[in-house]
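Enquirer: Quick one: the structure is below, questions incoming.
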Amino acid sequence: MNNQFEYKKIEKKWQDHWENSETVKCDLESDKPKFYNLCMYPYPSGDLHMGHIRNYTIGDVITRYKQMNGFNVLSPMGWDSFGLPAENAAIKTGIHPREFTEERIANMKSQIIRLGSLYDWDREVAAHSIDYYKWTQYLFIKLFENNLAYKEDAPVNWCNSCRTVLANEQVIEGSCERCDTAVEPKNLNQWFLKISEYSEELLEGLDEIGDWPENVKTMQRNWIGKSEGSQFELNIIGTDLTFDVFTTRPDTLFGMTFAVISPEHELINQIMEQSDKKDEIQNYLDSIVNKSEFERMSITKEKTGVDTTLKVTNPITNVEVPLWIADYVLVNYGTGAIMAVPAHDERDYEFAKKYNIEIRQVIIDKEKTINVDNEAFTGNGVLINSGDFNELNSHEEASKKINDFLVKNKIGDEKTTYRLRDWLISRQRYWGCPIPLINCDDCGLLPEKYENLPVLLPEIKDYINTDGSPLSKSKDFVETDCPKCSKKALRETDTMDTFVDSSWYYMRFLDPKNDNEPFESDFINEWLPVDQYIGGVEHAILHLLYSRFFVRALRDLGFMKIDEPFHNLFSQGMINFGGAKMSKSKGNIVDPESYFATHGADALRLYILFMAPPSDGVEWNDGGIEGTKRFLNKFWDNMVKIIDQKDTSDTFKSNDEEIERKINQTIKSITQHLEKFEFNTAVSDLMKLNNDLSDYLKEDNTIQIDLKDSILRNILILLYPMSPHIASEIFQDYFDRDISQEKWPTFDETKLENPVYELVIQINGKKRHALIVNTGIEEDEVKEICTTNFDIDFSNAKKVIFIKDKLINIVQ
RNA sequence: GCGGAUGUGGCGGAACUGGUAGACGCGCUAGAUUUAGGAUCUAGUGAGCUUUGCUCGUGGAGGUUCGAGUCCUCUCAUCCGCACCA
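Per the numbering used here: the first sequence = residues 132 to 943.
Okay, structure coming up:
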């Protein structure tokens, strides 16, 4: 073996080998237990960044570790290759988004291979490829035919910079998540997927799902936003207008001193007609329209409103209370209208104070610490001023009783509301999957015939269309025949949100070349859910929630029998540089590719695993990678030395036993660490073992042949998942076979225990002495040792605590 | 405001069911080697002190215990997510 660790040569050699090897070609029908290991497929930006490196290194450790544990591992890779950057580049440079994208895929793929990760490239899929988006369209039509996709006029979020609408999930603090531009409300006819139909199921599923990070589950729960309460009707006095209000606090109903309706409520025009102050209302509504969404939603903003001069009747007291229009009531939550109870709701309180509306207290806290003259009381207490309901406990008891009253009098009922809205998937952009629907004047909205799929993206020259989708500029595309009556008809010109593509890519990986259907259901039922999904936390809501919805929808359409797409989820933390998230605009990118040249893929992988627990965010540090490079050099030296040791048939020497014990301990420890995703400590175990091996090799230069084989085999396999190139090379050099076919080592229980340990002698709980003694000695012997060595007198001890093989504590 | 998480040397971080705090690595100091630098090797490296040893020390304050980074109560700080959700 070469005395120098020539990582460039070795890494190239093994990467070429893996590209063509059968090691990771997954036969879905093998007898071995299955393990679907998946890293989130990347958007092909052109270059790997450190986040990808971390993601794929973790994934590859799992792939190789599970393979050695006898699993049939499926590890595919593909491209989330529709999306805005390619189109924006096309606008700038004129290069077609397809060409742009495919160039970047090629570049990124070569970098992924350069990292040394194993993927079954025969299964590679790309969202923009015709044989992929054909099936995206197919599934969309299935959803449409089953009323899970629909088109509707709706107020939507428009990003003027990206020139498209956005899903609620893509709006962060009132701004576009991509470009930070403040979104504008617009009323547009748009496509939605009915995710809200699955609100309850998506929520409940989180309790039964496999191992997911708690914060991701919580974020999804909050996003779904379930709340339970009552809904009842209010009638506007002197009119036949009625509207519903939703409340989680029916126990405060006697305290309702006004009602509020949202400025966008569907009754708003009729209310205005009935009002004495029509002009004032009109002025108010105009002032609202001019405000940005973010401005309106901001909690710091003072609430505004206008009195309609109309009254509604409190259904339980029959008291007449004023009806207001106010912007703090959101049209798209609940019913878009509320009963206002200022005494017991902070928002209503603030509003009532500002406009001098009556505040009527109906719940009193037992300690009487809160005075509703000064602040709202939102806690638990006892009902007052509430007629027959006085003295009941709020919330539960009183809410239940009052709700019963509403039901009995046919005014209202229990109601559960969710914050989750339907998923808006229309995008007015070019580089996405065309929505395969056709508008016929006579037949209405119809899906393209299955046999005509895919609806191909047209070739166009101008990607900018200020009023509508770029696709509408292609006459050939837009003008078509009605699938039903064959008359002239028009195609939909919007494309789909790329999250539709990524909602099912992990299904296509199971059957990527199927020409007849998106996938064979048998494969799905057998291979889903994904056993281990690994990716960044930025997808906690978007992609992960959409995919969970997709599986349920397709299940109900008969495509599969599973409920959840991803059993275990691991979210890796972000890698920062200079205290900030790496980004091109900040100019603080650390380019992983340069480290392939200067340190090698193995050193980079090892460092990225070693630098921190993988779920923590961490600061990039150049010095750290020097450390893992140094480790690999020393490791190589040790391997050369041990291979060069002369064989003897001598019985074991004491240092032989010691190194054997260390190896057994390390097998146990690394196995446990890998199972728990504690890669940083797994690497540190390897470093320790390497240090021990250095000490061992200093002592003499002979070794028993079986021990030599066992040391080499075990230590190389332990390193292999994390640094596969160097481990493969040395293993092949010495054993003349491929390490990837080896079994993960087991440890020998009898060879774990150290023969001696350092006994700690404490006096009153403080460490006073320490001494190396034989493992397993009992209390009497330990006491004797204490007396002989340290002159400790046990006769006046109040208490003696003895922990076997650890310590003795003498309390005086 | 609500929810989730995290606080340990100069730095990244270890510490199994309460049992020697600081493993492993970076950095730093000294020495060896080298024409020099780099690389490598050896030793040291939580703080303080009256340095054979003692005291303090895991964000802070209490508590339980023979013994607390770990358990309990309160509190402070930072990060992330949601945010007028009725």
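Yeah, the Cβ is synthetic: ideal placement off N, Cα and C, and Gly gets one too.
Report the rounded CA-to-CA distance for Tyr-486 versus Phe-389, giving the unit in angstroms.
Expert: 11 Å
Enquirer: With DSSP collapsed to three states, give me the class of Phe-933.
Expert: strand
Enquirer: For Asn-291, I'd like the list of residues in its chain whose CB is within less than 7 Å of its CB, leaving aside the five on either flank, ordered along the chain.
Expert: Thr-312 and Glu-315
Enquirer: Hey, would you say Gly-190 sits closer than 8 Å to Asn-699, going by beta carbons?
Expert: no
Enquirer: So, using beta-carbon positions, are Ala-928 and Val-913 closer together than 8 Å?
Expert: no
Enquirer: Thinking just about the alpha-carbon of each residue, which of Ile-857, Lys-807, His-670 and Gly-907 is nearest to the one in Lys-348?
Expert: His-670
Enquirer: Answer yes or no: do Phe-323 and Pro-578 have a C-beta to C-beta separation smaller than 8 Å?
Expert: no
Enquirer: Does the beta-carbon of Leu-576 have 16 or more other beta-carbons within 10 angstroms, so that it is buried, or is it exposed?
Expert: exposed
Enquirer: When DSSP labels each residue in this structure, what does Val-749 get in the three-state scheme?
Expert: strand
Enquirer: Over what stretch of residues does the beta strand (DSSP E) that includes Asn-905 continue unbroken?
Expert: 897-905
Enquirer: Within the continuous alpha helix (DSSP H) that includes Trp-266, where are the two ends?
Expert: 261-276
Enquirer: Using only CA atoms, which one of Asp-375, Phe-520 and Glu-255 lies nearest to Ser-361?
Expert: With distances taken between Cα atoms, Ser-361 lies closest to Asp-375.
Enquirer: Does the region 367-381 touch the region 457-477, meaning 3 or more C-beta pairs lie closer than 8 Å?
Expert: yes
Enquirer: For Asn-320, which residues does DSSP report across the bridge?
Expert: Asp-284
Enquirer: Would you identify the three-state DSSP class for Asp-642, choosing helix, strand or coil?
Expert: coil
Enquirer: Per DSSP, what kind of secondary structure is Ala-457 in: helix, strand or coil?
Expert: Under the three-state reduction of DSSP output, Ala-457 falls in the strand class.
Enquirer: Starting from Gly-667, trace the beta strand (DSSP E) both ways and give me its first and last residue.
Expert: From DSSP, the beta strand (DSSP E) with Gly-667 extends over 661-667.
Enquirer: Given a threshold of 16 other Cβ atoms within 10 Å of its Cβ, counted over all protein chains shown, does Ile-846 qualify as buried or as exposed?
Expert: buried
Enquirer: As a quick exercise: from Phe-783, Ser-815, Leu-523 and Lys-143, pick the residue whose alpha carbon is nearest that of Asp-831.
Expert: Phe-783
Enquirer: Asn-277 and Leu-621: beta carbons closer than 8 Å?
Expert: no
Enquirer: Short check: CB of Ile-193 to CB of Asn-168, under 8 Å?
Expert: Cβ atoms of Ile-193 and Asn-168: closer than 8 Å.
Enquirer: So, under 8 Å CB-CB, Asp-496 and Gly-512 are touching, yes? Tell me the CB distance rounded to an integer number of Å.
Expert: With a contact defined as Cβ atoms closer than 8 Å, Asp-496 and Gly-512 qualify at about 4 Å.
Enquirer: Restricting to Cα atoms, I'd like to know which of Leu-805, Asn-656 and Pro-886 is closest to Lys-165.
Expert: Asn-656
Enquirer: Roughly how many angstroms separate the alpha carbons of Ile-367 and Ser-525, rounded to a whole number?
Expert: 29 Å
Enquirer: For Met-470, write down the residues that DSSP places opposite it in a beta bridge.
Expert: Paired residue(s): Ala-390.
Enquirer: State the beta-bridge partners of Trp-554 as determined by DSSP.
Expert: Leu-324.
Enquirer: Tell me whether the beta-carbon of Leu-763 lies closer than 8 Å to the beta-carbon of Ile-857.
Expert: yes
Enquirer: How is Asp-311 classed by DSSP in three states: helix, strand or coil?
Expert: Looking at Asp-311 - three-state DSSP - the assignment turns out to be coil, as it is neither helix nor strand.
Enquirer: Any idea which residues DSSP pairs Ser-306 with across the strands?
Expert: Ile-303 and Ala-313
Enquirer: Quick one: what's got a C-beta closer than 6 Å to Phe-945's C-beta in the same chain, skipping five residues either side?
Expert: Because the chain spans 132 through 943 in this model, residue 945 falls outside it and cannot be assessed.
Enquirer: Going by C-alpha to C-alpha distance, which of Lys-282, Trp-252 and Trp-875 sits closest to Trp-554?
Expert: Lys-282
Enquirer: Can you give the beta carbon distance from Ile-801 to Leu-849, rounded, assuming they're within the 8 Å contact cut?
Expert: Here Ile-801 really is in contact with Leu-849; their C-beta atoms are around 5 Å apart, less than 8 Å.
Enquirer: So, with DSSP's three-state summary, where would you put Leu-828?
Expert: Judged by DSSP in its simplified three-state form, Leu-828 adopts helix.
Enquirer: So Asn-203 is in the beta strand (DSSP E); what residue range does that whole segment cover?
Expert: 203-205
Enquirer: Could you check the C-alpha separation between Ile-932 and Ile-892 for me, to the nearest Å?
Expert: 10 Å
Enquirer: With a cut-off of 8 Å, do at least 3 Cβ pairs link the region 820-828 to the region 754-772?
Expert: yes
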